[in-house]
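Quick note on our numbering: the sequence shown kicks off at 45 and runs consecutively. Accompanying notes for the structure given below.
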Amino acid sequence: MKSILRLCESNNLTVILVEQNAKSALRIAHTAVVLYLGTVVASDDADKVANDDDLRRYYLGLVQ
Numbered sequence: 045m046k047s048i049l050r051l052c053e054s055n056n057l058t059v060i061l062v063e064q065n066a067k068s069a070l071r072i073a074h075t076a077v078v079l080y081l082g083t084v085v086a087s088d089d090a091d092k093v094a095n096d097d098d099l100r101r102y103y104l105g106l107v108q
């Protein structure tokens, strides 16, 4: 993930990352889109998505 971030920053690139490891992906993302069975259930700043308790519990598997 850090390699992707460095590559984007050094080359002014945008990357669409499709990743099952939500925790890692949200650490480097600016924007996050959460899909459930092909339907968008959330789309916002990655920090907001990562900190939304309902999304964390039901879709991201990040229950603390």
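C-beta atoms are modelled at their ideal positions from N, C-alpha and C, and glycine is treated no differently. Everything numeric in this text was worked out from a predicted model, so none of it was measured.
Between the region 58-65 and the region 80-89, the count of Cβ pairs shorter than 8 Å is below three; the stretches do not touch. Leu-104 sits buried, since 16 or more C-beta atoms from the chains shown fall within 10 Å of its C-beta. When Asp-89, Val-77, Ile-72 are compared, the shortest CA-CA separation from Arg-50 is found for Ile-72.
Residue pairing by DSSP places Thr-75 opposite Asp-89 in a beta bridge.
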